[in-house]
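Numbering (the numbering used here), first residue to last: 1 to 309. First the structure, in the form of structure tokens, and then the observations on it.
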Ligand code: UDP
Ligand code: MG
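In structure tokens:
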């Protein structure tokens, strides 16, 4: 018998825990036929509602259910990492508890893994039910990343993904503190099969991602997988030098030919404001990378466990 570990990060999801279990177990007969056992790891990411109690109720009925509770909310990235560390399976799949990752896709995913793919990933072909402004910025983010990062990141990719043990071990070997899983999946390589599906809206509860949280997360992604922004200061510096040189030539020539008196302090103020603005912006970018390096250097644990069952 081989083992499939299903990792489910949960943050304040008391309504979804049991529902997810029921939906997932509808697929268990397929896996039983294939000679694959399932273990289900709920990662309680410091929930303040009854999520942990709900999982314990399930565990009382079914030994295959496990619970791992964090001491506080560490974020979904930390929850996924903890799940991967504690999964014992030969195959591992990451899923959201809100049923936005349809369990009905699992047999198809598994069939590709059987064919020899190292991982089977999913992407949404549309963003139905999402605020348009959010979709717009998400698209911009992926387009930007394509330009500034060597790591492949697919637009609309979900974290819903089945992997072999080999790929899981590769991901676990990346112990960075600022984790951006979408980039990590691409970085480790291996052969990935992409499945596409229509966006499914959340079954219960609400999304845990505000626009601001997503914006900060996208900055994590950029700093974690590209150093191109650091080049910006140099590029802008060179451009400004060229402009300044041309202007000096222009002013000298004009002075020699027309003998103009010095004038134009408004334009000077504009120039000073603009250059200092650009300087602050570039210093800010430096600061971002410095901050990430600072957090990385501290080597703090990615998560802390309160309870494990
Ligand atoms: N989640 C988590 N920790 C967090 C935020 C979210 O474990 O700090 C979990 C959440 O319970 C869900 C999954 O991550 O299972 C995806 O979250 P959500 O559905 O809110 O994100 P969306 O689907 O809107 O992108
Ligand atoms: Mg969701």
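For every residue, glycine included, the Cβ atom is placed at its ideal position computed from N, Cα and C.
For this session: For residue 126, I'd like the list of residues in its chain whose CB is within less than 7 Å of its CB, leaving aside the five on either flank, ordered along the chain.
Result: Hits under 7 Å: 198 and 199.
Exercise. Who does residue 193 pair with in a DSSP beta bridge?
Worked result: Paired residue(s): 120.
Exercise. In three-state terms, what does DSSP make of residue 161?
Worked result: The three-state reading of DSSP puts residue 161 in strand, counting E and B together.
For this session: May I ask you to list the residues that DSSP assigns as paired with residue 8?
Result: Answer is 42, bridged to residue 8.
For this session: Can you grab the Cα-Cα spacing for the pair residue 276 / residue 213, in whole Å?
Result: Cα to Cα, the separation comes out at about 29 Å.
For this session: Thinking residue 7 and residue 83 are a contact (beta carbons under 8 Å), I'd like their distance in whole angstroms, please.
Result: Between the beta-carbon of residue 7 and that of residue 83 there is about 3 Å, and that keeps the pair under the 8 Å contact cut.
For this session: Determine the DSSP secondary structure at residue 54, reduced to helix, strand or coil.
Result: Here residue 54 sits in helix by DSSP.
Exercise. Does any residue of chain B bring its CB to less than 8 Å from the CB of residue 290?
Worked result: Looking at the structure shown, chain B is missing, and only one protein chain is on hand.
Exercise. Does the stretch 219-231 come close enough to the stretch 93-112 that 3 or more CB-CB pairs lie under 8 Å?
Worked result: They do not touch, by the three-pair rule.
Exercise. For residue 9, is the beta carbon positioned less than 7 Å from some heavy atom of ligand 1?
Worked result: At least one heavy atom of ligand 1 falls within 7 Å of the beta-carbon of residue 9.
Exercise. Does ligand 2 have a heavy atom nearer than 7 Å to the CB of residue 45?
Worked result: With a cut-off of 7 Å, the C-beta of residue 45 is classified as distant from ligand 2, since no heavy atom of the ligand falls inside that distance.
Exercise. Between which two residues does the beta strand (DSSP E) containing residue 281 stretch?
Worked result: Note, residue 281: premise wrong, no beta strand (DSSP E); alpha helix (DSSP H) at 265-298.
Exercise. Going by the C-beta, is residue 202 closer than 7 Å to any heavy atom of ligand 2?
Worked result: In this structure, residue 202 has its CB closer than 7 Å to one or more heavy atoms of ligand 2.
Problem set entry | Endpoints, alpha helix (DSSP H) assigned at residue 255 | Note, residue 255: alpha helix (DSSP H), 232-258.
For this session: Check the DSSP bridge columns for residue 91 and list the partner residues they point to.
Result: Residue 91 is bridged to 4 and 164.
For this session: With DSSP collapsed to three states, give me the class of residue 69.
Result: Reduced to three states, the DSSP call for residue 69 is strand.
For this session: Can you have a look at residue 305 and say buried or exposed, based on whether 16 or more other CB atoms are within 10 angstroms of its CB?
Result: Residue 305 should be labelled exposed.
Exercise. Is any heavy atom in ligand 1 found nearer than 7 Å to the beta carbon of residue 334?
Worked result: This structure cannot settle anything about residue 334, because the visible part of the chain is limited to 1 through 309.
For this session: Would you kindly check if the distance between the Cβ of residue 204 and the Cβ of residue 23 is under 8 Å?
Result: The Cβ-Cβ distance between residue 23 and residue 204 does not fall below 8 Å.
Exercise. With respect to 7 Å, is the separation between the Cβ of residue 207 and the closest non-hydrogen atom of ligand 2 below this value?
Worked result: Flag set: Cβ of residue 207 near ligand 2.
For this session: Pull up the distance between the alpha-carbon of residue 164 and that of residue 239, whole angstroms please.
Result: So the alpha carbons of these two residues sit roughly 49 Å apart.
Exercise. To the nearest angstrom, how far is it from the Cα of residue 45 to the Cα of residue 303?
Worked result: If you take the alpha carbons of residue 45 and residue 303, they lie about 9 Å apart.
Exercise. Taking DSSP as the reference, what is the three-state secondary structure of residue 305?
Worked result: In the three-state DSSP reduction, residue 305 falls in the strand class (E or B).
Exercise. Would the beta-carbon of residue 154 fall within 8 Å of that of residue 190?
Worked result: At a Cβ-Cβ threshold of 8 Å, residue 154 and residue 190 do not count as neighbours.
Exercise. Relative to the C-alpha of residue 9, which residue among 139, 133 and 101 is closest?
Worked result: Of all alpha-carbon atoms in 139, 133 and 101, the one lying nearest the alpha-carbon of residue 9 is that of 101.
Exercise. In the DSSP assignment, what residue or residues form a beta bridge with residue 37?
Worked result: DSSP lists 3 as partners of residue 37.
Exercise. Under the criterion of a Cβ to heavy atom distance below 7 Å, does residue 79 qualify as lining ligand 1?
Worked result: Yes; taking the cut-off as 7 Å, the Cβ of residue 79 has a heavy atom of ligand 1 nearer than that.
Exercise. What is the DSSP secondary structure of residue 212, counted as helix, strand or coil?
Worked result: Residue state, collapsed to three classes: helix.
For this session: Decide if the stretch 84-92 is in contact with the stretch 33-50; the criterion is three or more beta carbon pairs, one per stretch, under 8 Å apart.
Result: In short, these stretches touch, since the Cβ pair count reaches three.
Exercise. Tell me which same chain residues have a C-beta within less than 7 Å of the C-beta of residue 181, skipping the five on either side of it?
Worked result: Hits under 7 Å: 77, 80 and 159.
Problem set entry | Three-state secondary structure assigned by DSSP to residue 205 | It is coil, neither helix nor strand.
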